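Right, one structure below, let's go through it.
Protein chains in written order, with this note's numbering: chain A, 1 to 254; chain B, 255 to 571; chain C, 572 to 890.
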């Protein structure tokens with residue numbers, strides 16, 4: 001069976017390995033699949049390598065072993081053109097919204113840079129920007145502001161809007177609401193759901209908050225203990241399974 | 255607002271704080287609350303509503319371009335009228351404060367033991383060895399098994415959660431009667447937050463410290479606080495007992511906040527908090543309120559006490 | 572979202588907008604909470620003092636700059652014109668004349684142009700080279716970083732002045748040799764500083780986002796990283812100018828400068844070699860020395876002023 005998806009197979013990541021040391025193993029033999037229009041939740045305690053796994057799947061870092069398949073093609077064997085297309089289609093939304101924008105650039109400038117990167121003709125910039133602001137639910141005034149003048153919630157919406165300009169198929173959400181207030185968190189989660197419904201985007205949601213995972217995900221796994229990568233397999237979508245006997249590999253199907 | 259009779263440990267009456275600059279910004283427009291001995295009061299609200307400003311105002315830690323009005327009475331003394339020297343006597347000894355972001359609050363070049371022992375050395379003029387021994391003892395009380403080892407650790411060696419607990423130890427070394435905790439759980443994961451909670455509960459029960467807890471995390475607050483004050487755009491919109499507030503919130507904003515909790519389904523409040531430099535006319539919440547009437551746009555409601563609770567809304571005249 | 576609900580959400584708590592705003596930033600509603608210094612009185616005093624120094628530096632520098640731009644307005648006569656040599660200060664010649672009869676004051680005024688040009692040009696060369704090397708080294712890391720930093724170490728070892736003396740022996744001394752050589756030998760510290768800032772900024776969220784969106788490295792370096800290191804580069808540029816001016820003066824004094832272009836250092840050199848020192852003609856050797864000193868001090872003060880602004884930036888959480 002051939003699915004259109006972003007798939008990871010037997011991924012391992014070790015830092016600092018070489019002739020003299022075995023290095024630190026972040027995770028070992030991890031397999032998961034993200035489908036379009038569905039959300040896969042990745043849980044685990046802080047600092048255990050969830051973000052690293054997200055970055056490897058996004059192609060920002062290389063895995064020590066294993067493969068990442070984008071629509072059937074392994075990342076490592078992609079040609080330059082295919083890789084550029086992949087880069088556009090798989091985006092990452094980072095945790096800290098205040099850090100996601102260059103503090104010296106006005107928001108409008110940052111957005112038009114992205115549009116220029118996409119080779120959008122100059123006269124279409126304004127309409128595309130306006131579309132993006134409507135999707136993100138923000139007023140026009142934010143374009144003339146610097147990032148330091150906006151709140152965390154607004155910046156996170158802008159970050160999402162900016163990513164959506166690239167029309168990605170999959171978005172890796174790295175703790176998107178951890179840095180936000182509880183009330184703003186609700187707004188962002190709803191926005192994410194709306195976007196997914198409209199554009200059929202696949203999400204990899206990384207969070208340490210079980211409630212967020214439960215709300216957003218169609219399915220999820222737990223990454224625990226950097227040395228031994230332990231993924232738990234869940235068939236019951238609503239509660240966290242107590243079955244800790246299955247270790248070492250998560251093969252997950254929606 | 256008095257929930258119990260008797261003298262209050264801290265009474266804030268009509269505290270106003272504004273920042274001078276190119277535009278004058280009223281960060282706090284007259285808030286009033288009180289905390290009794292061993293009581294835990296929580297100030298809840300979104301980022302930017304002025305909660306941290308209130309904490310800093312009480313401790314007189316605001317920057318020079320701020321202007322304060324009102325009365326902050328601590329055991330009968332008005333803190334706003336004391337000199338800087340008198341305030342330094344009170345800070346640390348009688349009122350402790352824990353700031354956000356524990357890793358930044360600890361000095362990276364001094365060991366944990368040194369920083370824990372510092373309040374003892376300065377306020378009580380104790381000798382270094384004795385102070386370090388007391389610090390080790392305090393860590394042991396907190397539950398660190400090898401306290402003697404931790405004394406020599408540096409903040410960068412420890413995680414955020416551990417640093418936060420060290421901070422609490424440092425702030426409560428001198429047994430202050432009031433502890434102000436400014437977003438203590440920010441940036442910490444679930445496990446650390448629950449450890450933090452256990453720590454604060456222990457403080458409350460064993461040392462009988464009063465606690466002014468500032469947070470935006472309602473779930474955290476629900477488990478710790480006796481009374482809760484909800485703030486919005488620089489003013490208090492509701493004060494009530496913890497249980498009453500969570501079972502039956504009166505103000506539409508409180509209701510909205512509770513609805514955005516995971517348990518209730520993450521239902522968001524539409525819109526954004528207003529900028530403090532230009533708040534909306536009338537009731538500050540009216541642009542986002544589903545129940546607004548014509549009166550809400552024009553007139554500014556007062557905080558009205560009913561039945562042990564207070565609400566600032568025209569729904570409850 | 573109703574339009575009335577879509578107010579601009581101002582940022583959290585407020586601080587007054589200091590001069591360290593990015594250019595063109597709207598100053599009406601920018602407020603951020605700044606933690607207070609330990610002792611308010613002491614810090615205010617320090618700020619004032621530094622502020623005065625900085626103002627003094629700017630004023631002095633402006634004066635010298637004006638002197639360099641419009642020498643004909645300040646100089647009483649053409650520096651090439653010859654009068655009676657070795658004259659003491661008089662009403663006609665406020666600073667007397669030198670050994671060939673040129674008016675010293677005019678020479679001084681025209682000399683500003685040469686000294687400052689060499690200083691700024693050499694500093695520009697060194698800052699440009701240092702920035703580019705530092706950026707590439709810090710951004711790409713790995714092998715390139717090690718190579719470039721190794722190269723930097725080698726250049727650090729080369730002695731500047733002896734190299735120029737040797738070059739002077741083989742080539743006709745001229746400004747066009749002096750400027751590149753001075754510039755090519757003084758970029759190391761700029762490179763180091765740029766590299767460390769780039770390493771830091773590289774980990775910022777917006778750089779990671781830019782890489783993720785597919786911007787080219789060149790674009791990220793120029794558009795995201797470079798604007799955030801200007802406030803580090805500017806003081807370094809000013810201090811490099813000051814140092815280049817002193818180097819130029821030293822070399823001119825040793826006789827390695829362009830004879831056709833008389834800088835302050837050349838004036839000192841002629842004063843020494845043509846009997847000015849022996850005959851105690853203070854009006855000949857003191858003014859150029861004082862000018863060099865004052866000009867360098869003013870540039871250094873401006874450089875320090877920029878560094879203080881940079882500290883303010885750091886406190887504001889820019890870094």
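All residues carry an ideal CB built from backbone N, CA and C; glycine is no exception. Just so you know, these numbers come straight off a predicted model, no measurement behind them.
Cα-Cα separation between residue i and residue j, rounded to whole angstroms
i	j	result
residue 795 of chain C	residue 537 of chain B	42 Å
residue 770 of chain C	residue 778 of chain C	11 Å
residue 42 of chain A	residue 35 of chain A	14 Å
residue 265 of chain B	residue 383 of chain B	38 Å
residue 215 of chain A	residue 11 of chain A	27 Å
residue 128 of chain A	residue 326 of chain B	52 Å
residue 638 of chain C	residue 684 of chain C	7 Å
residue 497 of chain B	residue 547 of chain B	29 Å
residue 764 of chain C	residue 365 of chain B	30 Å
residue 418 of chain B	residue 484 of chain B	25 Å
residue 404 of chain B	residue 450 of chain B	18 Å
residue 140 of chain A	residue 130 of chain A	8 Å
residue 681 of chain C	residue 833 of chain C	8 Å
residue 661 of chain C	residue 758 of chain C	45 Å
Neighbourhood of residue i by C-beta distance below 8 Å, restricted to the same chain and skipping five residues each side
i	result
residue 102 of chain A	110 and 147
residue 582 of chain B	Because chain B spans 255 through 571 in this model, residue 582 of chain B falls outside it and cannot be assessed.
residue 74 of chain A	67 and 68
residue 817 of chain C	863 and 867
residue 520 of chain B	514
residue 877 of chain C	802, 805, 806 and 809
Test item: CB-CB of residue i and residue j under 9 Å
i	j	result
residue 470 of chain B	residue 99 of chain A	no
residue 489 of chain B	residue 283 of chain B	yes
residue 289 of chain B	residue 262 of chain B	yes
residue 797 of chain C	residue 727 of chain C	no
residue 761 of chain C	residue 814 of chain C	no
residue 428 of chain B	residue 378 of chain B	yes
residue 858 of chain C	residue 836 of chain C	no
residue 853 of chain C	residue 675 of chain C	no
residue 515 of chain B	residue 479 of chain B	no
residue 550 of chain B	residue 507 of chain B	no
residue 30 of chain A	residue 58 of chain A	no
residue 425 of chain B	residue 346 of chain B	yes
residue 457 of chain B	residue 482 of chain B	no
residue 631 of chain C	residue 800 of chain C	no
residue 749 of chain C	residue 689 of chain C	yes
heavy atom of the ligand ATP below 8 Å from residue i C-beta
i	result
residue 309 of chain B	For the ligand ATP, the structure offers nothing, since it holds no ligand at all.
Own chain residues within Cβ distance below 6 Å of residue i, not counting five before or after
i	result
residue 434 of chain B	309, 351 and 466
Other residues of its chain near residue i: CB distance less than 7 Å, five sequence neighbours each side excluded
i	result
residue 440 of chain B	354 and 355
residue 781 of chain C	791 and 795
residue 410 of chain B	362
Beta-carbon neighbours of residue i, restricted to chain A and to distances below 7 Å
i	result
residue 777 of chain C	99, 100, 101 and 102
Residue i: contacting residues in chain A (beta-carbon distance under 8 Å)
i	result
residue 782 of chain C	60
residue 625 of chain C	Near residue 625 of chain C there are no residues of chain A at all, since even the closest Cβ is about 23 Å away, more than 8 Å.
residue 470 of chain B	181, 182 and 183
Neighbouring residues, chain A, relative to residue i (Cβ below 9 Å)
i	result
residue 786 of chain C	113, 114 and 117
residue 795 of chain C	102, 104 and 105
Neighbouring residues, chain C, relative to residue i (Cβ below 7 Å)
i	result
residue 40 of chain A	Correct list: empty, because the minimum Cβ distance to chain C is about 19 Å.
residue 166 of chain A	784
residue 92 of chain A	783
residue 87 of chain A	785
Residues that residue i contacts on chain B, provided the C-beta gap is smaller than 9 Å
i	result
residue 154 of chain A	526
residue 189 of chain A	520 and 522
Interface partners of residue i on chain B, CB under 7 Å
i	result
residue 186 of chain A	514, 520, 521 and 522
Min CB distance residue i to chain E below 9 Å
i	result
residue 798 of chain C	Looking at the structure shown, chain E is missing, and the protein chains on hand are A, B and C.
Can you list, in chain order, the stretches of the beta strand (DSSP E) that have 3 or more residues and sit fully within the stretch 138 to 213 of chain A?
-> 170 to 174 and 202 to 206
Please list the segments of the alpha helix (DSSP H) lying wholly inside the stretch 780 to 845 of chain C, counting only runs of 4 or more residues, in order along the chain.
-> 788 to 791, 801 to 824 and 835 to 844
Give, in chain order, every unbroken run of the beta strand (DSSP E) that is at least 3 residues long and sits entirely within the stretch 709 to 754 of chain C.
-> none
For the stretch 353 to 404 of chain B, which segments carrying the alpha helix (DSSP H) assignment without a break, of at least 4 residues, lie completely within its bounds, in sequence order?
-> 356 to 359, 366 to 377, 382 to 396 and 401 to 404
Please go through the stretch 466 to 542 of chain B and give each complete beta strand (DSSP E) segment of 3 or more residues, from N-terminal end onward.
-> 481 to 486 and 489 to 495
What are the start and end residues of each continuous alpha helix (DSSP H) run of 4 or more residues lying completely inside the stretch 50 to 89 of chain A, in chain order?
-> 50 to 58 and 80 to 89
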